[in-house]
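Numbering (the UniProt record's numbering), first residue to last: 1 to 437.
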């Protein structure tokens with residue numbers, strides 16, 4: 001089919017159908033919140049609605065050409081691979097990354113119910129509308145339209161809906177398992193569009209993420225006799241200041257960040273602080289500061305982890321030299337043979353990605369965006385997307401886009417705009433038609 005024919009056949013987004021489907025998905029959002037161990041999502045609740053929409057056009061029911069594979073590695077937590085077969089073997093393109101879990105929402109903090117969809121003019125409101133149930137519904141409408149209209153395409157179009165994107169505490173459930181099982185191998189033959197960003201522009205760069213914990217041990221004592229204590233809070237503050245200073249010296253803004261339009265360079269900062277509790281008149285024995293590194297993709301995650309460990313080792317060895325706070329503040333008590341100490345640990349880290357700006361996928365996405373949205377301005381952020389770096393390293397041409405709103409991503413009062421989703425559908429149609437030529 002020619003470019004114009006594809007566009008005519010696939011037309012515009014069926015708004016009523018899209019809104020009806022998204023209403024069902026947002027109705028499940030309460031049960032797909034992902035924050036283990038308390039909240040473990042049941043993605044199959046979303047899978048059910050996607051299958052209800054697509055099975056009538058599938059080979060499963062004999063009603064159409066769609067090949068549907070519901071792949072589950074953990075009970076109730078499925079993934080879906082939907083394929084619309086093209087006529088030319090090896091010619092393929094894919095939409096991947098539409099995830100069926102959401103981040104948590106506290107109804108008390110919201111101006112409307114996060115777990116049921118409400119409509120306010122163009123605004124479709126509820127948890128998951130932007131991230132990422134809106135995209136689940138959008139791509140489902142595209143696949144439904146393909147199944148319904150059966151255009152003769154040379155390219156095979158594949159959609160991969162995934163479980164477990166919002167949390168990496170549990171693995172082997174979502175796209176990591178699909179890749180390991182080889183179920184996405186054939187997608188390497190063509191561009192892969194990861195549909196889980198926002199603001200309608202190509203997102204060409206994401207950040208790596210290294211979650212860290214700094215456990216600080218001091219010596220508990222009465223706060224009126226501070227000279228007999230090692231204050232772990234002071235030690236943590238001074239040590240962290242030194243660690244951050246060294247981090248920014250070793251991982252300064254990288255020249256390529258300008259090319260990719262990164263909003264910020266790499267950062268290393270605390271985001272949580274805890275201590276075991278105690279009276280206001282007690283200097284505690286220990287405390288823990290936690291935070292993360294967000295790393296632009298031009299630096300290596302393993303290098304940063306090694307450096308952070310070196311900084312900590314150096315402070316431990318030279319505890320006497322660390323700045324103190326006031327005449328009796330100290331981190332070493334030689335008479336008692338006691339030293340304050342720091343222990344650094346890491347949770348699961350991930351790497352950022354810099355998309356290939358010379359690839360076919362990127363050019364097609366840019367042209368489609370310019371055509372539909374009116375302008376194209378690729379951007380990068382040090383937010384992190386799991387797994388796309390690994391896909392890129394395995395040889396996939398990974399590009400990323402999304403049609404929700406960055407301003408409401410992971411935020412309270414999340415919403416998306418129906419008009420943006422309509423443009424997203426048109427971008428997808430443009431990509432398919434360009435890849436036919």
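Just so it is clear, CB atoms sit at the ideal spot from N, CA and C, and this is done for glycine as well.
Inset, instruction - Measure from the alpha carbon of residue 363 to the alpha carbon of each residue in 119, 171 and 435, then state which is nearest. - result: 435
Legend entry - Residue-chain proximity (residue 319, chain D), Cβ-Cβ < 7 Å: This model lacks chain D altogether; it includes just one protein chain.
Inset, instruction - Run through the segment 43–95 for me and flag every whole beta strand (DSSP E) of 3 or more residues, listed as ranges in chain order. - result: 67–72 and 78–84
Inset, instruction - Give every residue of the same chain whose Cβ lies closer than 7 Å to the Cβ of residue 255, excluding the five residues on either side of it in the sequence, and list them in chain order. - result: none
Legend entry - Distance between residue 306 and residue 300 (C-alpha atoms, nearest Å): 10 Å
Legend entry - Neighbourhood of residue 385 by C-beta distance below 6 Å, restricted to the same chain and skipping five residues each side: 206
Legend entry - Beta carbon of residue 239 nearer than 7 Å to that of residue 342: yes
Inset, instruction - Count the C-beta pairs between the segment 58–74 and the segment 104–120 that are closer than 8 Å, then say yes if the count reaches three, no if not. - result: no
Inset, instruction - Would you mind listing the beta strand (DSSP E) stretches within the segment 396–424 that are 3+ residues and don't spill past its ends, in chain order? - result: 397–401 and 415–417
Legend entry - Inter-stretch contact at 8 Å, needing at least 3 Cβ pairs: the segment 178–193 / the segment 85–100: yes
Inset, instruction - For my contact list, residue 138 and residue 424 are in at a C-beta cut-off of 8 Å; report their separation, rounded to the angstrom. - result: 6 Å
Inset, instruction - Please report how far the alpha carbon of residue 277 lies from the alpha carbon of residue 209, in whole angstroms. - result: 30 Å
Inset, instruction - May I ask you to report which of helix, strand or coil DSSP gives residue 349? - result: coil
Inset, instruction - Measure the C-alpha to C-alpha separation of residue 260 and residue 204 and round it to an integer number of angstroms. - result: 7 Å
Inset, instruction - Kindly indicate the opening and closing residues of the beta strand (DSSP E) around residue 104. - result: Neither: residue 104 is in no beta strand (DSSP E) and is coded neither H nor E.
Inset, instruction - Would you mind giving the Cβ-Cβ distance between residue 195 and residue 98, rounded to the nearest angstrom? I have them listed as a contact below 8 Å. - result: 5 Å
Inset, instruction - Could you pull the start and end residues of the alpha helix (DSSP H) that residue 136 belongs to? - result: 133–149
Legend entry - C-alpha gap between residue 175 and residue 216, whole angstroms: 37 Å
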